[in-house]
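**Q**
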Amino acid sequence: MQFGFIIPAAIWLGAFVALAVVLLQASRKAGREGRKSRHLMWLAGAALALGGAAIPAAIQFMATDGKMWWAGVPLGLVALALGFQSIRVERPKGPALATFREKSAAVSVAAILLIYGWATAGVLQAPLELAGAFGFLVGTTVMMIIVMALSHTVLAILREPEKEDERDKLVGWRSTRNGYVVMTSGVWGVLALVFAQAPLGVLAYALLGLFVLAELVRLASELVYYRLAV
Amino acid sequence: MTQASSNRVTNSIRTLRFMKGEMTQQELADRIDVTRQTVVAIEQGRYAPSLEIAFRIAEVFQCKMEEVFQYQPAEKGKRGKK
Chain A
0 MQFGFIIPAA
10 IWLGAFVALA
20 VVLLQASRKA
30 GREGRKSRHL
40 MWLAGAALAL
50 GGAAIPAAIQ
60 FMATDGKMWW
70 AGVPLGLVAL
80 ALGFQSIRVE
90 RPKGPALATF
100 REKSAAVSVA
110 AILLIYGWAT
120 AGVLQAPLEL
130 AGAFGFLVGT
140 TVMMIIVMAL
150 SHTVLAILRE
160 PEKEDERDKL
170 VGWRSTRNGY
180 VVMTSGVWGV
190 LALVFAQAPL
200 GVLAYALLGL
210 FVLAELVRLA
220 SELVYYRLAV
Chain B
0 MTQASSNRVT
10 NSIRTLRFMK
20 GEMTQQELAD
30 RIDVTRQTVV
40 AIEQGRYAPS
50 LEIAFRIAEV
60 FQCKMEEVFQ
70 YQPAEKGKRG
80 KK
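Going down the list, the protein sequences come from chains A and B.
One point on numbering: in numbering that gives the first Met the number 0, the residue at position 8 of the first sequence is 7, and numbering is uninterrupted.
One point on numbering: in numbering that gives the first Met the number 0, the residue at position 75 of the second sequence is 74, and numbering is uninterrupted.
#1: Pull the bridge partners of VAL38/B from the DSSP assignment, please.
#2: Can you confirm whether the stretch 176-188 of chain A touches the stretch 137-153 of chain A when touching is taken to mean that 3 or more C-beta pairs between the two stretches lie within less than 8 Å?
#3: Using 10 angstroms around the beta-carbon of LEU123/A, count the other beta-carbons present and answer buried if the total reaches 16, otherwise exposed.
#4: Excluding five sequence neighbours on each side, which residues of the same chain lie with their C-beta closer than 6 Å to the C-beta of ALA19/A?
#5: What are the boundary residues of the alpha helix (DSSP H) that TYR204/A is part of?
#6: In chain order, what residues of the same chain have a beta carbon less than 7 Å from the beta carbon of VAL181/A, not counting five sequence neighbours either side?
#7: How would you list, in chain order, the residues of chain A whose beta-carbon sits under 7 Å from the beta-carbon of ILE92/B?
#8: Please report whether the beta-carbon of ARG45/B lies at a distance below 8 Å from any beta-carbon of chain A.
#9: Report yes or no: do three or more beta-carbon pairs, one from the stretch 165-178 of chain A and one from the stretch 189-206 of chain A, lie closer than 8 Å?
#10: Grouping DSSP H, G and I as helix and E and B as strand, with all else coil, what is PHE133/A?
#11: Counting Cβ pairs closer than 8 Å, one from the stretch 114-128 of chain A and one from the stretch 196-209 of chain A, do we hit at least three?
#12: For THR152/A, which of helix, strand or coil comes out of DSSP?
#13: Any C-beta of chain B sitting closer than 8 Å to the C-beta of GLU161/A?
#14: Residues in its own chain within less than 7 Å of ASN177/A by CB, not counting five upstream and five downstream?
#15: Going straight from the alpha carbon of GLU32/A to that of LEU22/A, what length do you get?
#16: CA-CA distance, GLN43/B and ARG100/A?
#17: Within a Cβ cutoff of 6 Å, which residues of the same chain sit near GLN71/B, ignoring the five residues on either side of it in sequence?
#18: Where do the N-terminal and C-terminal ends of the beta strand (DSSP E) with PHE68/B fall, by residue?
#19: As a quick exercise: from ILE58/A, GLY30/A, ALA57/A, LEU12/A, pick the residue whose alpha carbon is nearest that of GLY51/A.
#20: Excluding sequence positions up to five away, which residues of its chain have a Cβ less than 7 Å from the Cβ of ALA57/B?
#21: VAL102/A: buried (16+ other C-beta within 10 angstroms of its C-beta) or exposed?
#22: When you compare the CB positions of ALA165/A and ILE41/B, do they come within less than 8 Å of one another, or not?
#23: In whole angstroms, what is the alpha-carbon distance linking THR175/A and LYS28/A?
#24: Compare the Cα-Cα distances from TYR224/A to each of ALA104/A, LEU96/A, ILE144/A and report the closest residue.
#25: Counting only Cβ-Cβ distances shorter than 8 Å, please list the residues of the stretch 21-40 of chain B near chain A, keeping chain order.
#26: Does the beta carbon of VAL223/A come closer than 8 Å to any beta carbon on chain B?
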């Protein structure tokens, strides 16, 4: 795994974010003075998109030992362009069937089941080794970042996310509690594996699986609470 | 009046909305600064709001809190699960 890409990626990101901030300030100033400022907003969005593309590109670079550094660029561009589009498009104002948080939980459950299900199916056909667990972690994390960024920007474009209210907080607290129960119970299971002197690869996969399961329980709890209980 | 099976707090929001010129759930949600889904949950008795939200609802309908929310004391030995 190579980490040499991080510093140039950080410089790239910082430079474009600074440019975007300057353009946004100019846009606000123009707006205050009553002049048209949409083109400045677009330029700021484009700068953010170009700058942000460094993040998935850097992750891709590290995950593939520098072979596919470019693969994150188009994805980053699409994600950030969609994000910028979500700022300016006119979205429907009428009543929604579900809140943004509920839709977000549903999309996240689907993404976890698909990505981790697919990755686990591949893992089970090979011996559980530590190096494989590391690749599994990096690969699934990159895929989750990409899928979540794209799906959530699309959700935000379709309808403006609502402000969090007290019921959202209550649902969040209760769901996190459920996830925590799974996490602590699972840690006891992993400890049992440690005492049974299980191989490191098995322990690594057990911990990864535990994190995923706890997150899945938290998100699924949100869905249940939103629809049935709270 | 709405009452969920296990709840002892009931409310008259549906009726009050009707009497307030068929106020929509979205309008009420905007005025008390919550989502429409929260208003739906309160109306159906699935969610008991905080005192602050309860007061805001009463303020919107310009009535006393007791006219919006009603409390049914549980019978001895039949205390509901919290």
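Virtual Cβ for every residue (Gly too), placed ideally from N, Cα, C.
**A** The relevant details are as follows:
#1: Translated into the one-based positions of the second sequence, residue 38/B becomes position 39. Per DSSP, none; premise fails for VAL38/B.
#2: no
#3: Working through the first sequence from its first residue, we reach residue 123/A at position 124. Exposed: under 16 other Cβ atoms inside 10 Å.
#4: As a first step, residue 19/A is located in the first sequence; it is residue number 20 there, counting from the start. Cβ within range, chain order: ALA43, ALA46, LEU47.
#5: Numbered from 1 along the first sequence, position 205 holds the residue referred to as residue 204/A. TYR204/A -> alpha helix (DSSP H) spans 199-223.
#6: The residue labelled residue 181/A in the question sits at position 182 within the first sequence. Closer than 7 Å at the Cβ level, and outside the excluded window around VAL181/A, lie LEU212, ALA213, VAL216.
#7: The question about residue 92/B has no answer here: the residues shown for chain B are numbered 0 through 81.
#8: Here residue 45/B corresponds to residue number 46 of the second sequence, with the count starting at 1. Taking Cβ atoms only, chain A reaches closer than 8 Å to ARG45/B, which makes this a yes.
#9: no
#10: In the first sequence, residue 133/A corresponds to position 134, counting from 1. Looking at PHE133/A - three-state DSSP - the assignment turns out to be helix.
#11: yes
#12: Here residue 152/A refers to the residue found at position 153 when the first sequence is read from its first residue. Residue state, collapsed to three classes: helix.
#13: Indexing the first sequence from 1 puts residue 161/A at position 162. Interface residue, yes.
#14: Numbered from its first residue, the first sequence carries residue 177/A at position 178. Cβ neighbours of ASN177/A beyond the five flanking positions: VAL216, ARG217, SER220.
#15: Along the first sequence, read from residue 1 onward, the residue named residue 32/A stands at position 33. Along the first sequence, read from residue 1 onward, the residue named residue 22/A stands at position 23. Computed Cα separation, rounded: 15 Å.
#16: In the second sequence, the residue the question calls residue 43/B occupies position 44. In the first sequence, the residue the question calls residue 100/A occupies position 101. Straight-line Cα distance between these residues: approximately 20 Å.
#17: Translated into positions along the second sequence, residue 71/B becomes position 72. Cβ neighbours of GLN71/B beyond the five flanking positions: ARG7.
#18: Here residue 68/B refers to the residue found at position 69 of the second sequence. Note, PHE68/B: beta strand (DSSP E), 68-70.
#19: The sequence position of residue 51/A within the first sequence is 52, counting from 1. GLY51/A has its Cα closest to that of LEU12/A, out of ILE58/A, GLY30/A, ALA57/A, LEU12/A.
#20: As a first step, residue 57/B is located in the second sequence; it is residue number 58 there, counting from the start. The answer, listed in chain order, is LYS63, MET64, VAL67.
#21: On the first sequence, residue 102/A is found 103 positions in, with the first residue counted as 1. Sequence inspection shows Lys at residue 102/A; the Val mentioned does not correspond to that position. With 16 or more Cβ atoms within 10 Å of its Cβ, LYS102/A is classed as buried.
#22: Taking the first sequence and counting its residues from 1, one reaches residue 165/A at position 166. Taking the second sequence and counting its residues from 1, one reaches residue 41/B at position 42. What sits at residue 165/A in the sequence shown is Glu, not Ala. No, the pair does not count as a contact, with Cβ atoms beyond the cut-off.
#23: Within the first sequence, residue 175/A is the residue found at index 176, counting from 1. Within the first sequence, residue 28/A is the residue found at index 29, counting from 1. Answer to the nearest angstrom: the Cα atoms are 43 Å apart.
#24: In the first sequence, the residue the question calls residue 224/A occupies position 225. Of the candidates ALA104/A, LEU96/A, ILE144/A, the one whose C-alpha sits nearest the C-alpha of TYR224/A is ALA104/A.
#25: THR23, GLN24, GLN25, ASP32, VAL33, THR34, ARG35, GLN36, THR37, ALA40
#26: Working through the first sequence from its first residue, we reach residue 223/A at position 224. Chain B, which has no Cβ nearer than 8 Å to the Cβ of VAL223/A, makes this no.
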